[in-house]
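Shown next, in structure tokens, is the structure this report addresses.
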Amino acid sequence: MSTETEGTTEDRRKYEFRKVIEELQEYEGSGTQLVTIYIPEDKQISDVVAHVTQEHSEASNIKSKQTRTNVQDALTSIKDRLRYYDTFPPENGIVIFSGAVDSGGGRTEMVTKTLESPPDPIESFRYHCDSDFLTEPLEHMLADKGLFGLIVLDRREANVGWLKGKRVEPVKSASSLVPGKQRKGGQSAQRFARLRLEAIDNFYQEVAEMANDLFVPKRHELDGILVGGPSPTKDEFLDGDYLHHELQDTVLGKFDVSYTDESGLYDLVDAGQEALADQAIVEDKNLMEEFFENLHTGEKATYGFEQTRRNLIMGSVDRLLLSEDLRSDVVVYECPNGHEEFEVVDSRHSTPDHECAECGEEAAVQEREDVIEHLMAIAEQRGTETKFISTDFEKGEQLLDAFGGTAGLLRYSTGV
Ligand SMILES: [Zn+2]
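Anchor point for the sequence shown: position 147 equals 920 in my numbering, and the numbering is continuous, going up by one each time.
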């Protein structure tokens, strides 16, 4: 399997996870009766069964009969699901959601979902019983990845670390021997100023060395560096070319933060939110620019479900562009005379009746499938890379609103 195909499969899995999470977020229980358990890969299934059994017996103390029954039913469903596993869960662990959700009109419906092998390892065992399902840890895993370098400094101390996805990881710190502004008696003002500048310069070099050691080996994976601190320290540090030249080009911005200890790294991430969000959609923006250029000047662009699908099947699509917010299904119809036709419908709507455009006969539904899954499956067979495009910028919104959320950059012009 080529890495490209693996990447696509991973995207597809992520999309499937995202869809399930969106569905789970919609659910609500009338009481504290929706159970979620996160099981890391190194947790023995027998331990989990023991825990669930314990919760089941403790649930007998719940005063409301309805809630009690609902919680115990949820726990029984979870125990049933756990039977499918041997000693340990599969790679990265499993998450099980179970509970009686409101289905309108005072009625409830039992829902149980298992998500196996999430994109990142589940770090700790969690048992959660509430009026909604616990989805945040999974949402964090699906959030935009990214690797950023963080530097905070003033003239007294400095900290460097990583921002990995949404997690801040402090790595190294240094403190300086820069003397204060007050000189001791007997020292000449000139000499004092020179020593002080030297000490500052030395400290900046030390900080840069610390940052270079950490970031240079990772420079090809690095999505950018944020620098924080009071003025003029961070400006002096950046303007003085202390950082390795290859790192200098990756600095996304400098930000005012008051603390330069470890907590300053967290403040820096807060202060740099906008720059980080821009960086996260840089690739999306470039792809949409390329698409519009091809649309206006060349013929190596396609859009809309049918046209894109046709090009995909021909193998002429280099990169498939799908809007992250596209939630549509493709319905395949076949009439009694064997004519096959498609219709794209909103995922939330029921399947409409369809009259064959060729012969006017009533056509029967053959299949209904999520548009993204349908197109990604073809893309995988044809070696086409799939790119999800955010709607957090104008051209990304246009992809969804004006082009049906589906477009492609072609390998060659096809005239289709
Ligand atoms: Zn027909």
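Every residue, glycine too, gets a C-beta built ideally from N, C-alpha and C.
Same chain only: Cβ atoms within 6 Å of residue i, ignoring 5 sequence neighbours per side
| i | result |
| --- | --- |
| T778 | For T778, the pLDDT reaches just 47, beneath the cut-off of 50, and the residue's location in the model is therefore unreliable, leaving the point undetermined. |
| M774 | Note that M774 has pLDDT 35, beneath the 50 cutoff, so the model's placement of it is unreliable and the number below is only indicative. If we look at M774 and ignore the five residues flanking it on each side, it has no Cβ neighbours. |
| H1112 | C1129, E1131 |
| T809 | F870, H901, F906, L907 |
| V884 | V874 |
| N985 | H1017 |
| Y858 | I818 |
Where the beta strand (DSSP E) containing residue i begins and where it ends
| i | result |
| --- | --- |
| D1029 | 1024 to 1029 |
| E896 | No beta strand (DSSP E) contains E896, which DSSP labels as neither H nor E. |
| P943 | 940 to 948 |
| T881 | 881 to 889 |
| G1002 | 997 to 1002 |
| A873 | 867 to 875 |
| V925 | 920 to 926 |
| A1258 | Residue 1258 falls outside the range modelled here, since the chain spans only 774 to 1189, and no answer is possible. |
Close beta carbons around residue i, own chain, < 7 Å, minus the five adjacent residues each side
| i | result |
| --- | --- |
| F1176 | Y1076, G1077 |
| D1034 | E930, N932 |
| F898 | Y811, I812, P813, K816 |
| T1187 | N1084, M1087, S1089 |
| G1030 | Reading off the sequence, residue 1030 comes out as Val, not Gly. These residues qualify, in order along the chain: V925, G1001, G1002, G1037, D1040, L1041, A1044. |
Test item: CB-CB of residue i and residue j under 7 Å
| i | j | result |
| --- | --- | --- |
| L848 | E828 | yes |
| E967 | V951 | According to the sequence provided, residue 967 is Arg. The question's Glu does not apply to it. Against a cut-off of 7 Å, the Cβ pair of V951 and R967 comes out as no contact. |
| I851 | I812 | no |
| P910 | E889 | no |
| V1103 | E1142 | yes |
| G1001 | V925 | yes |
| S1123 | S1101 | no |
| Y788 | I1145 | yes |
| L1020 | A1048 | no |
| R854 | T887 | yes |
| D1098 | L1172 | no |
Whole-angstrom distance between residue j and residue i, CA atom to CA atom
| i | j | result |
| --- | --- | --- |
| A1180 | G802 | 39 Å |
| P943 | F921 | 12 Å |
| R1155 | E1167 | 30 Å |
| D733 | R841 | Absent from the model: residue 733. The displayed extent of the chain is 774 to 1189, so no value can be given. |
| D820 | R856 | 13 Å |
| D974 | L923 | 20 Å |
| D1012 | I895 | 42 Å |
| R785 | S1163 | 16 Å |
| L1041 | G934 | 11 Å |
| E982 | K939 | 25 Å |
| S904 | V874 | 9 Å |
| T1183 | F1161 | The amino acid occupying residue 1183 in the given sequence is Leu; Thr does not appear at that position. Taking the straight line from one Cα to the other gives about 16 Å. |
| P1003 | Y1032 | 8 Å |
| N1243 | P1005 | This structure does not reach residue 1243, given that the chain is present from 774 up to 1189, and the question cannot be answered. |
| Q806 | A823 | 19 Å |
| E1056 | S1096 | 14 Å |
| K991 | F976 | 23 Å |
| G1133 | G919 | 52 Å |
| Q845 | F861 | 24 Å |
Span of the alpha helix (DSSP H) around residue i
| i | result |
| --- | --- |
| D1008 | 1006 to 1012 |
| A1180 | No alpha helix (DSSP H) contains A1180, which is instead part of the beta strand (DSSP E) from 1179 to 1183. |
| N932 | First-last for N932: 930 to 937, but that is the beta strand (DSSP E), not the alpha helix (DSSP H). |
| Q839 | 838 to 855 |
| A981 | 962 to 988 |
| R1083 | 1078 to 1087 |
| I818 | 818 to 831 |
| L1173 | 1167 to 1175 |
Any non-hydrogen atom of ligand 3 within 6 Å of residue i CB
| i | result |
| --- | --- |
| H1127 | No copy of ligand 3 occurs in the structure displayed; its ligands are ligand 1 alone. |
Any chain C beta carbon closer than 7 Å to residue i
| i | result |
| --- | --- |
| T885 | Protein chain content of the structure displayed is limited to a single chain, and chain C is not contained in it. |
Close-in-space but distant-in-sequence residues of the same chain around residue i (CB under 8 Å, 5 per side omitted)
| i | result |
| --- | --- |
| Q978 | Y1015 |
| Y1185 | K1073, S1089 |
| L1085 | L1093, L1148, I1151, A1152, R1155, T1157, G1181 |
| L1068 | A1074, Y1076 |
| P892 | E783, R786, K787, F790, N865, M914, L915 |
| E912 | I794 |
| K989 | In the sequence as presented, Lys is not what sits at residue 989; that position holds Val. Taken in chain order, the residues that qualify are H1017, E1019, L1020. |
Looking at C-beta atoms only, is the number of pairs between the region 1119 to 1135 and the region 1041 to 1061 that lie closer than 8 Å three or more? Judged by pairs of C-beta atoms under 8 Å, the region 1119 to 1135 does not touch the region 1041 to 1061, as fewer than three such pairs exist.
Flag this pair as touching only if the region 1036 to 1053 and the region 996 to 1006 have three or more C-beta atom pairs under 8 Å; answer yes or no. As far as the Cβ criterion goes, the region 1036 to 1053 touches the region 996 to 1006, which means the pair count is three or higher.
Check whether the region 1106 to 1118 touches the region 1130 to 1137, counting contact only when three or more Cβ pairs, one atom from each stretch, lie closer than 8 Å. Yes: the two stretches touch, three or more of their Cβ pairs being nearer than 8 Å.
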